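Chains as they are written, first to last, in full-length UniProt numbering: chain L, 1 to 312; chain C, 1 to 312.
2 protein chains.
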Amino acid sequence: MANIQEIADYTGFSKSTVSRVLNQKNYVAPRTRDLIEAAIVKLDYVPNAMAQGLSMGQMHNIGVVLPHNEHPYYTQLINGIMAAAFAANYRIMLLPSNYEAKVELAYLQQLRRKVFDSMIFTSHEISRQTLMTYQKYGPIVVCQDPGCLPIAAAYTARVPSYVAAFEWIKAQGYQHISLLATRASNVSATSKTTFQAYEQVFHQAPEPTLIRTGIRKQQDGYAAAAYFVTQKRPLDFIFANADDVAAGARQYYLEHDLPVPAMMGQENQLSSQLLNMATIDHHLYEVGENAAKLAISGAVRQFRVESEFIVR
Amino acid sequence: MANIQEIADYTGFSKSTVSRVLNQKNYVAPRTRDLIEAAIVKLDYVPNAMAQGLSMGQMHNIGVVLPHNEHPYYTQLINGIMAAAFAANYRIMLLPSNYEAKVELAYLQQLRRKVFDSMIFTSHEISRQTLMTYQKYGPIVVCQDPGCLPIAAAYTARVPSYVAAFEWIKAQGYQHISLLATRASNVSATSKTTFQAYEQVFHQAPEPTLIRTGIRKQQDGYAAAAYFVTQKRPLDFIFANADDVAAGARQYYLEHDLPVPAMMGQENQLSSQLLNMATIDHHLYEVGENAAKLAISGAVRQFRVESEFIVR
DNA sequence: GCTTGACCTAAAACCCGTTTCAGAATTTAT
DNA sequence: ATAAATTCTGAAACGGGTTTTAGGTCAAGC
């Protein structure tokens, strides 16, 4: 528990000189440096991060807001964020929001309090306007298209690949398309985008009876298929929000000796590769990496990746 | 960016009185309190967490070391940790270790530096002896059985349910049992435990050709099944390290119109419920919650849950 | 009327670093 | 030889809180 003062006292130099040795800056006589370094080793001194943080005004922490962590979207995003943050010697704090605006606001207060230097919203309930008012307290990065607003963002441009996918589905002659989504389109930008692309291609809204929300994992896909079958909702194509979800649906049909409808997934997970299934790769790991870089640099820039429709 | 001094100046009281109002302790005249609270609202003041941390010696952060985050083991554990931490107003920092002792040591240094107050090792490469030498810098909780060592731990007692499961498998008459594991038994306590339980029941070591390691997700189970089939390794039971993994293996057999071997999974995920498959519930969410509670309280206690063999 | 205790507040010390400023000792340039 | 620039170091200020100490006011108890 030695502190910098003890090192100073022990060596006979001052705190400032010890600090200079620690930070390798300004002039320090080689002999002085050696003596102080020896003392640091001898007394097993490590600087106190809180004191450094207070003094320098930053803690090298990034707060990452995420609603839950059971969707591959978040898993891949987090992995990308972690990789980039780790590489830059930043740490990430996991901030569960459960899609609640009130909780998100509490986290923004923590940004003000300097609990972390910057934030990444993998998803946000709060309006972008509100987010902007907090930018003065630290970099805020969102993972959705912020439109023309001056907000740092790393996100995937989903529309082109969604349209391409629906064009392809239409060309194949499918007519009753089921949409599996994480959340309803009135609360989720992603779902909204999906639905809009659907309308753009098919010139009509998706069939409400073929929409299922609350879908995150393989098991949810399985349950959705079970629902369609038991409720007798005929369909010929399943557009899933993740490959694992599609795989789960497929599993249901196989297990019940039913004909498996055509389907596609998203995220280009291993399951779609194994099943030789069409998918959309949103390059989320890369999005995560760039979100972290923006959070660290503080640049109010937009990093946009084109998602990729993969036919197999 | 108002600080406590500004509130003091604005109201004419001293820093200490403002601090007392903030922390609701000691005597403060009602009128004084009102005035100061009004000033806090007016100047939109929030205390600086780094200054508070430095002054009080803790940041209310818990560092959570995890090798990767793609296995349900970690997902459930993290969810439990997050829930308990969040409830107690603690935050968690995700510390990826990739099973590297050197990285873990770096994190222990961060504990000394007060980057976080306490640590949870969901898995650790470093010896328990080494961990113990760092206990003086803050609570350290492991998620494995620490034996009789005085280390705080929240973990699942796996042996009884493993033995019960193997007894059951044996009673059913299965003889060629495949074991799917996250890591090899010489580096993983969990795998070692599994193998030992196997030997205890079958009086012989598991068949090396039926062991697959590096298995984490559904897709890995699928790949393992593909391996057994293409390499012509006959087996009649698959003991998987997770339900999703078993589900993946099952999927492979179904897709290739092969007879599906008997199998069981672990973690009691939805997939095993849907497939009506035997499993072992390690109650990881609960383990995570208790790990967080130990990390927060600093009690050097052991929280042990019995895992539960579920026949379906 | 005096002591005692409760109530209220401020000054100062403390937590532990970084950074600025200023001065002293050397070197280099002229 | 002297002025100027460089190298080295320490004192002090600063970041922004909490806590201790101590002193003052006031009412209750004897």
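Virtual Cβ for every residue (Gly too), placed ideally from N, Cα, C.
Since the model is a prediction, treat every value here as computed from it, not as a measurement.
If you ignore the 5 residues before and after tyrosine 99/C, its C-beta comes within less than 6 Å of the C-beta of Pro67 and Glu125, all in its own chain and listed in chain order. For tyrosine 222/L, the chain C residues whose C-beta falls within less than 7 Å of its own C-beta are Leu274, listed in chain order. Under the three-state reduction of DSSP, asparagine 61/L is assigned to strand.
If you compare the alpha carbons of Thr11/C, Ile177/C, Val201/C and Arg301/C with that of serine 161/C, the shortest gap goes to Val201/C. Residues of chain L with a Cβ closer than 9 Å to the Cβ of phenylalanine 228/C do not exist; the shortest Cβ-Cβ separation is about 15 Å. In this structure, valine 311/L sits away from histidine 283/L, with a CB-CB distance that is not shorter than 8 Å.
In this structure, the straight-line span from the alpha carbon of leucine 270/L to that of glutamine 219/C is close to 6 Å. Only Val46, Pro47, Asn48, Ala49, Met50, Ala51, Gly53, Leu54 and Met59 from the region 42 to 64 of chain C bring a Cβ to less than 7 Å from some Cβ of chain L.
DSSP places glutamine 231/L outside both helix and strand once states are collapsed to three, so it counts as coil. Under DSSP, the beta-bridge partners assigned to alanine 262/C are Phe237/C.
By the 16-neighbour rule on beta-carbons within 10 angstroms, asparagine 290/L is buried. For the region 95 to 129 of chain C, residues whose beta-carbon sits nearer than 8 Å to a beta-carbon of chain L comprise Leu95, Pro96, Gln109, Gln110, Arg112, Arg113, Lys114 and Val115.
Fully contained in the region 80 to 134 of chain C are the following alpha helix (DSSP H) runs of length 4 or more, in chain order: 101 to 112 and 128 to 133. In this structure, the alpha-carbon of methionine 59/L lies about 16 Å from that of asparagine 23/L.
By the Cβ criterion, the region 3 to 15 of chain C is not in contact with the region 160 to 177 of chain L, since fewer than three pairs of Cβ atoms, one from each stretch, lie closer than 8 Å. When the alpha-carbon of isoleucine 40/L is set against those of Asn268/L, Gly53/L, Arg20/L and Val163/L, the nearest one is in Arg20/L. For aspartate 117/C, the closest C-alpha among the options Glu104/C, Tyr137/C, Ser127/C and His71/C is that of Tyr137/C.
Across the set Pro208/C, Ile62/C, Glu6/C and Tyr134/C, the C-alpha of Tyr134/C shows the shortest separation from the C-alpha of proline 150/C. With three or more CB-CB distances shorter than 8 Å, the region 47 to 64 of chain C counts as touching the region 104 to 119 of chain C. Linking valine 300/L to valine 287/L through their CA atoms gives a straight-line distance of about 15 Å. Here DSSP, grouped into helix, strand and coil, assigns phenylalanine 195/C to helix. Taking a 10 Å sphere around the C-beta of cysteine 148/C, we find fewer than 16 other C-beta atoms and assign the residue as exposed.
Apart from the 5 residues on each side of it in sequence, methionine 132/C sits with its Cβ closer than 7 Å to the Cβ of Leu149 and Ile151 in its chain, given in chain order. Counting other Cβ atoms within 10 Å of its Cβ, aspartate 44/L stays below 16 and is therefore classed as exposed. Beta-bridge annotation (DSSP): glutamine 302/C is paired with Ala153/C.
Collapsing the DSSP output to three states places threonine 213/L in coil.
Ranking Gln231/L, Pro259/L, Leu258/L and Glu267/L by CA distance to the CA of alanine 240/L puts Glu267/L first. Taking a contact as a CB-CB distance under 8 Å, the pair glutamine 302/C and alanine 106/C does not count as one, their CB atoms being some 27 Å apart.
Chain-ordered listing is empty here: chain L has no CB closer than 8 Å to the CB of aspartate 257/C, the nearest sitting near 10 Å.
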